[in-house]
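*Asks:*
Residue numbers (my numbering): 87 to 144.
(1) I'd like to know whether the C-beta atoms of residue 111 and residue 101 end up nearer to each other than 7 Å.
(2) Quick one: Cα of residue 105 to Cα of residue 97, how far?
(3) Please classify residue 107: does DSSP put it in a helix, a strand, or coil?
(4) Any idea what DSSP makes of residue 91, helix, strand or coil?
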């Protein structure tokens, strides 16, 4: 997946699971993205994760 992103001109950052940021990412899905275009259909999805709030820490 990372190589496909790079091939399309995207930037890939890898977060170590030994660091707090990597552990937090693993607790969600393990993958994150910064989108360049709005995706209104995301507003209709239930993407809540128990114990985590958007913009804050549990």
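Positions of the beta carbon are idealized from the N, C-alpha and C atoms, including for glycine.
*Replies:* Considering the structure as presented:
(1) yes
(2) 20 Å
(3) helix
(4) helix
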